[in-house]
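Undergrad:
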Amino acid sequence: MAIVTLLTDSGESDHYVAAIKAKIISVNPGIRIEDISHRIQPTDIAHAAFVLKSVFRDFPKGTVHLVGVDASGNRGDSYIAIQLEDHFFVGADNGLFGLISERPHQNLVELNTINSITTTFPERDVFAPIAAKLASGVSLTDLGKPMQVFKKMIDRQVKATKKQIAGTVVRVDNFGNLITNIPKEAFDILSKGKTYTIQFGGEKFRRIQTQYNQAEQGECFIVFNSLGVLEIGIYKGNASELLGLEYDSMVNIVFDE
Amino acid sequence: MAIVTLLTDSGESDHYVAAIKAKIISVNPGIRIEDISHRIQPTDIAHAAFVLKSVFRDFPKGTVHLVGVDASGNRGDSYIAIQLEDHFFVGADNGLFGLISERPHQNLVELNTINSITTTFPERDVFAPIAAKLASGVSLTDLGKPMQVFKKMIDRQVKATKKQIAGTVVRVDNFGNLITNIPKEAFDILSKGKTYTIQFGGEKFRRIQTQYNQAEQGECFIVFNSLGVLEIGIYKGNASELLGLEYDSMVNIVFDE
Amino acid sequence: MAIVTLLTDSGESDHYVAAIKAKIISVNPGIRIEDISHRIQPTDIAHAAFVLKSVFRDFPKGTVHLVGVDASGNRGDSYIAIQLEDHFFVGADNGLFGLISERPHQNLVELNTINSITTTFPERDVFAPIAAKLASGVSLTDLGKPMQVFKKMIDRQVKATKKQIAGTVVRVDNFGNLITNIPKEAFDILSKGKTYTIQFGGEKFRRIQTQYNQAEQGECFIVFNSLGVLEIGIYKGNASELLGLEYDSMVNIVFDE
């Protein structure tokens, strides 16, 4: 039986998360439920998409990911279930799922079209029973109406040329580390045979480490992290606070001639 | 085997929650444990009762709900286990359980009366083993001394007449939405054939929506929510902050002649 | 099959915790995972050690405790797995494990020595697969290279003489209660036949209660808690805030002649 993961902006001081779990358990008490996070900033689709994109492939194929972030979305947003990269996703068609993968989806249905219900709590009333049924082996095509496309937002793109890679901070994590959208692959190709300068917040650096602890205490480290992107931090410190950088701050790698 | 849910004011930075779980697992490693919340404000019985009341019926009948909120209660408070609406509750007799249901209890025992222990951590030392035994199928009457009544506090009552429904805010949730104690049932009956004005915080509204997203961004929505009570929010905003309303603020529905 | 517990400084707003769980589940989907806490202050070894020391023995023997706190530690810190008091511990050799027990370890290996990997996320890439294998019954000696000793830090010691016990606050918990390092055993021996004064923050007290609720509201209670150490709080209040005491504040028990 598959696992169901939960990713919401519900917080942990209300009954919302427990209500979603209770509904899943009511459909099938054998389903394992694992939280990804319930501390997504309310309606923050970018944050949710970053977290989901960073971890869903670590779960076994067939895992069902229930996403309740800005689930009321905008007027007219459908509720959908997607099969993508051999994983299942259940949530609102508000653009979030368009940010988590470049691959074409394998299957897509619109939910709640037959005997449709009106609810202020779709996570419990629509997503949870659907997620539970998917995790129990029900075929996705039996759970909704076929749909062709779901909403895709345009993520801020890194701009990579022979002269420089211009990226941005896409996530400030719990430690204050700054995670960018600069991929190691692009860097490896473009930096061949060249020296480089990494620039952000008025600072310039000429070295990239392989471990967080290769900087001195209180000094910057720059690594390509476990997601394969450039990450900046301050060893035993909070880079976001100390450098004054935040979501969307610019980070450039300039290649010397 | 039944599930045990946990609802406490322990927070998540200490060992308290893990100690409760470890004790349950030690009694019976097959028991499934699901958190409701550990972020109840210390000793805040009203908050805890609201959360528990809002979700316990979503779990399967026979679920055991361990509640550790103000568990030291007041001098002389007993520890009790209750069967109520086909669910089990284990905790301190401090008035919290009197706020979660209007129904008479089915069974009630006082705990820790034989070979009684003195402890500063009753959640782990008394409630956890009892909850684990209940979840394993032990009869409630075998776990304590029969008791007739448990403490019932008087919740602030909504006052409903033909002229108006006078209610209050009973919960400000993670999103800043204001959840009142005004039931849809009362509204449906009293509003028949009349127009109405909803008043709170100096504002007046004449419409109730069915979905959060039927208001414009930055504007109020008013819905009867998934709990069947009136809820006020600001679409993509924080109503509590923006309207200056909080727990116990007044919300009235005035019916026009 | 054993349980794996998780104790980290990852916070709950990122993908880190879910990535660790996903990796464990990928190795063996039958393993039960229970969180101890993910809200350890980043790199705060003392806090983590206190929480771990306070709860690990409550879990069944054979439980595997994965600890990801300051996991990058200092340059040159190994990754290790320890068998201690019939429990298993997996984490960085940064001194944390030296604070949780006085007993000699039963077994100790260094991890990641064969086909070693370089990673910025050892919790997922090294600790999680090892923890999963230990929990699945693989012998600890098959998982790494034998090692003789692991790092032990010196915890601040309580100083106990016939005239006084000089201790400190080792933890301010979620409620603002001040947990000290003064053991009940030492107090019972040294206080025989004597009166005593408990001194902290300019205050003096001559009584120790057995329950939190034996003080008046707003007044101090002093108990020997479920960990067997002296704990100070304010009934229905926050002692740390009200008394201005914090981690490392001094607490003395002076015995009268």
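Protein sequence lines correspond, in order, to chains A, B and C.
Positions 1 to 257 (this note's numbering) are the ones given, in order, by the first sequence.
Positions 1001 to 1257 (this note's numbering) are the ones given, in order, by the second sequence.
Positions 2001 to 2257 (this note's numbering) are the ones given, in order, by the third sequence.
Heads up, the beta-carbon is just placed ideally off N, CA and C, and yes, glycines get one too.
Within a Cβ cutoff of 6 Å, which residues of the same chain sit near tyrosine 1212 (chain B), ignoring the five residues on either side of it in sequence?
TA: Residue mapping note: residue 1212 (chain B) aligns to position 212 of the second sequence, counting from 1. Excluding residues within five positions, the ones whose Cβ falls inside 6 Å are Phe1221.
Undergrad: Using a threshold of 8 Å, state whether the C-beta atoms of alanine 1018 (chain B) and glutamate 2034 (chain C) are closer than that.
TA: Position 18 of the second sequence holds residue 1018 (chain B). Position 34 of the third sequence holds residue 2034 (chain C). Their beta carbons are under 8 Å apart, which means alanine 1018 (chain B) touches glutamate 2034 (chain C) by this criterion.
Undergrad: Among A:Phe200, A:Tyr196, A:Leu111 and A:Thr5, whose alpha-carbon lies nearest the alpha-carbon of histidine 65 (chain A)?
TA: Taking the first sequence and counting its residues from 1, the one referred to as residue 65 (chain A) is at position 65. Among A:Phe200, A:Tyr196, A:Leu111 and A:Thr5, the Cα nearest to that of histidine 65 (chain A) belongs to A:Thr5.
Undergrad: Under 8 Å between C-beta atoms, does histidine 2087 (chain C) make it to chain A?
TA: Within the third sequence, the letter at position 87 stands for residue 2087 (chain C). Judged by the 8 Å Cβ criterion, histidine 2087 (chain C) is not in contact with chain A.
Undergrad: According to DSSP, is aspartate 2188 (chain C) part of a helix, a strand, or is it coil?
TA: On the third sequence, position 188 is the one that residue 2188 (chain C) refers to. Reduced to three states, the DSSP call for aspartate 2188 (chain C) is helix.
Undergrad: So with CB distances below 8 Å, who are the chain B contacts of threonine 2168 (chain C)?
TA: Taking the first residue of the third sequence as 1, we reach residue 2168 (chain C) at position 168. Here the premise fails: no neighbours, minimum Cβ distance about 18 Å.
Undergrad: Can you confirm whether glutamate 2012 (chain C), when its beta carbon is compared against all beta carbons of chain A, has any partner nearer than 8 Å?
TA: By one-based count along the third sequence, residue 2012 (chain C) stands at place 12. By this cut-off, glutamate 2012 (chain C) is an interface position.
Undergrad: Please state whether DSSP places glutamate 2085 (chain C) in a helix, a strand or coil.
TA: Sequence index remark: in the third sequence, residue 2085 (chain C) carries index 85 (1-based). Glutamate 2085 (chain C) falls in the coil class under three-state DSSP.
Undergrad: Can you pull the chain A neighbours of valine 1055 (chain B), defined as C-beta to C-beta under 8 Å?
TA: As a working note, residue 1055 (chain B) is residue 55 in the second sequence. Here the neighbours are His15, Ala18, Ala19 and Ala22.
Undergrad: Residues of chain C with CB closer than 7 Å to the CB of threonine 210 (chain A), please, in chain order.
TA: Residue mapping note: residue 210 (chain A) aligns to position 210 of the first sequence, counting from 1. Simply Thr2118.
Undergrad: Heavy atom of the ligand ATP less than 7 Å from the Cβ of leucine 2227 (chain C), yes or no?
TA: Although the ligand ATP was asked about, the structure shown includes no ligands whatsoever.
Undergrad: Consult DSSP for asparagine 252 (chain A) and reduce its assignment to one of helix, strand or coil.
TA: Position 252 of the first sequence, counting from 1, holds the residue named residue 252 (chain A). Note: asparagine 252 (chain A) maps to strand in three-state DSSP.
Undergrad: Let me see if you follow: with CB-CB separation under 8 Å, is phenylalanine 1059 (chain B) close to chain A or not?
TA: As a first step, residue 1059 (chain B) is located in the second sequence; it is residue number 59 there, counting from the start. For phenylalanine 1059 (chain B), the answer is yes, since a Cβ of chain A falls inside 8 Å of its Cβ.
Undergrad: Closer than 8 Å, CB to CB, is asparagine 2074 (chain C) near chain A or not?
TA: Numbered from its first residue, the third sequence carries residue 2074 (chain C) at position 74. By this cut-off, asparagine 2074 (chain C) is an interface position.
Undergrad: With a CB to CB cut of under 7 Å and the five nearest residues on each side skipped, what residues in its chain are close to leucine 2096 (chain C)?
TA: Reading the third sequence from its first residue, position 96 is the one you call residue 2096 (chain C). The answer, listed in chain order, is Ile2045, Ala2048, Ala2049, Val2067 and Val2069.
Undergrad: Cα separation between glycine 176 (chain A) and threonine 210 (chain A)?
TA: Translated into the one-based positions of the first sequence, residue 176 (chain A) becomes position 176. Translated into the one-based positions of the first sequence, residue 210 (chain A) becomes position 210. Answer to the nearest angstrom: the Cα atoms are 19 Å apart.
Undergrad: Go through the segment 1120-1181 of chain B residue by residue and report every complete run of the alpha helix (DSSP H) that reaches 4 residues or more, in order.
TA: Those alpha helix (DSSP H) runs which fall completely within the segment 1120-1181 of chain B and span 4+ residues are 1128-1135.
Undergrad: What does aspartate 70 (chain A) pair with, by DSSP beta-bridge criteria?
TA: Looking up residue 70 (chain A) in the first sequence gives position 70. Bridge partners of aspartate 70 (chain A): none, in fact.
Undergrad: Give the straight-line distance between the Cα atoms of valine 1170 (chain B) and histidine 38 (chain A), rounded to the nearest whole angstrom.
TA: Residue numbering aside, residue 1170 (chain B) sits at position 170 when the second sequence is read from its first letter. Residue numbering aside, residue 38 (chain A) sits at position 38 when the first sequence is read from its first letter. The alpha-carbon atoms of valine 1170 (chain B) and histidine 38 (chain A) are separated by roughly 23 Å.
Undergrad: Spell out whether any CB of chain A is found under 8 Å from the CB atom of phenylalanine 2050 (chain C).
TA: Taking the third sequence and counting its residues from 1, one reaches residue 2050 (chain C) at position 50. Taking Cβ atoms only, chain A never reaches closer than 8 Å to phenylalanine 2050 (chain C), which makes this a no.
Undergrad: Opposite glutamine 2209 (chain C) in the DSSP bridges: which residues?
TA: Residue mapping note: residue 2209 (chain C) aligns to position 209 of the third sequence, counting from 1. For glutamine 2209 (chain C), which the question treats as bridged, DSSP gives the partners C:Val2223.
Undergrad: Mark serine 116 (chain A) as exposed unless 16 or more other C-beta atoms lie within 10 angstroms of its C-beta, in which case mark it buried.
TA: If you number the first sequence from 1, residue 116 (chain A) lands on position 116. It is exposed - the Cβ of serine 116 (chain A) has fewer than 16 other Cβ atoms within 10 Å.
Undergrad: So what's leucine 2245 (chain C) in DSSP terms, helix, strand or just coil?
TA: Within the third sequence, numbered from 1, the residue matching residue 2245 (chain C) stands at position 245. It is coil, neither helix nor strand.
Undergrad: Less than 6 Å between C-beta atoms, sequence neighbours within five positions excluded: which residues of the same chain meet that for phenylalanine 1200 (chain B)?
TA: Here residue 1200 (chain B) refers to the residue found at position 200 of the second sequence. Excluding positions up to five away in sequence, the list reads Val1251.
Undergrad: Whole angstroms is fine: what's the gap from aspartate 2014 (chain C)'s alpha carbon to leucine 2230 (chain C)'s?
TA: On the third sequence, residue 2014 (chain C) is found 14 positions in, with the first residue counted as 1. On the third sequence, residue 2230 (chain C) is found 230 positions in, with the first residue counted as 1. Going by the C-alpha atoms only, they are around 36 Å apart.
Undergrad: Hey, is serine 2258 (chain C)'s beta-carbon within less than 8 Å of any beta-carbon in chain B?
TA: The structure shown does not extend to residue 2258 (chain C), since chain C is modelled only from 2001 to 2257, so the question has no answer here.
Undergrad: Decide if the segment 1083-1099 of chain B is in contact with the segment 1020-1034 of chain B; the criterion is three or more beta carbon pairs, one per stretch, under 8 Å apart.
TA: As far as the Cβ criterion goes, the segment 1083-1099 of chain B does not touch the segment 1020-1034 of chain B, which means the pair count is below three.
Undergrad: Quick check: is the beta carbon of isoleucine 36 (chain A) nearer than 8 Å to any beta carbon in chain C?
TA: One-based indexing of the first sequence puts residue 36 (chain A) at position 36. Cβ-Cβ to chain C under 8 Å: yes for isoleucine 36 (chain A).
Undergrad: In chain A, which residues lie with their C-beta within 8 Å of the C-beta of serine 1223 (chain B)?
TA: Translated into positions along the second sequence, residue 1223 (chain B) becomes position 223. According to the sequence shown, residue 1223 (chain B) is valine rather than serine. Those are Thr120, listed as they occur along chain A.
Undergrad: In chain B, what lies closer than 7 Å to glutamine 130 (chain A) by C-beta?
TA: Counting from one through the first sequence, the residue named residue 130 (chain A) turns up at place 130. The sequence shown places isoleucine at residue 130 (chain A), not glutamine. The premise fails here: isoleucine 130 (chain A) is roughly 16 Å from chain B at the closest Cβ pair, so nothing lies under 7 Å.
Undergrad: Suppose contacts are defined by Cβ-Cβ distances below 8 Å. Is histidine 87 (chain A) in contact with phenylalanine 56 (chain A) by that definition?
TA: Taking the first residue of the first sequence as 1, we reach residue 87 (chain A) at position 87. Taking the first residue of the first sequence as 1, we reach residue 56 (chain A) at position 56. Yes, these two residues count as a Cβ contact at 8 Å.
Undergrad: Which one or two residues does DSSP pair with alanine 1092 (chain B) in a beta bridge?
TA: As a first step, residue 1092 (chain B) is located in the second sequence; it is residue number 92 there, counting from the start. For alanine 1092 (chain B), which the question treats as bridged, DSSP gives the partners B:Tyr1079.
Undergrad: What residue from C:Thr2120, C:Leu2242, C:Val2109 and C:Ile2198 has the CA that sits closest to glycine 2144 (chain C)'s CA?
TA: In the third sequence, counting from the first residue as 1, residue 2144 (chain C) sits at position 144. For glycine 2144 (chain C), the nearest C-alpha among the options comes from C:Val2109.
Undergrad: If you count every other CB in all the chains shown that lies within 10 Å of the CB of proline 146 (chain A), and 16 or more means buried, which is it?
TA: Position 146 of the first sequence, counted from the start, is the residue given in the question as residue 146 (chain A). Burial call: exposed.
Undergrad: For the beta strand (DSSP E) holding serine 37 (chain A), just list the boundary residues, first then last.
TA: Within the first sequence, residue 37 (chain A) is the residue found at index 37, counting from 1. Here the beta strand (DSSP E) through serine 37 (chain A) covers 32-37.
Undergrad: Ends of the alpha helix (DSSP H) at tyrosine 2196 (chain C)?
TA: Position 196 of the third sequence, counted from the start, is the residue given in the question as residue 2196 (chain C). Where tyrosine 2196 (chain C) is concerned, there is no enclosing alpha helix (DSSP H), although the beta strand (DSSP E) it sits in stretches over 2196-2200.
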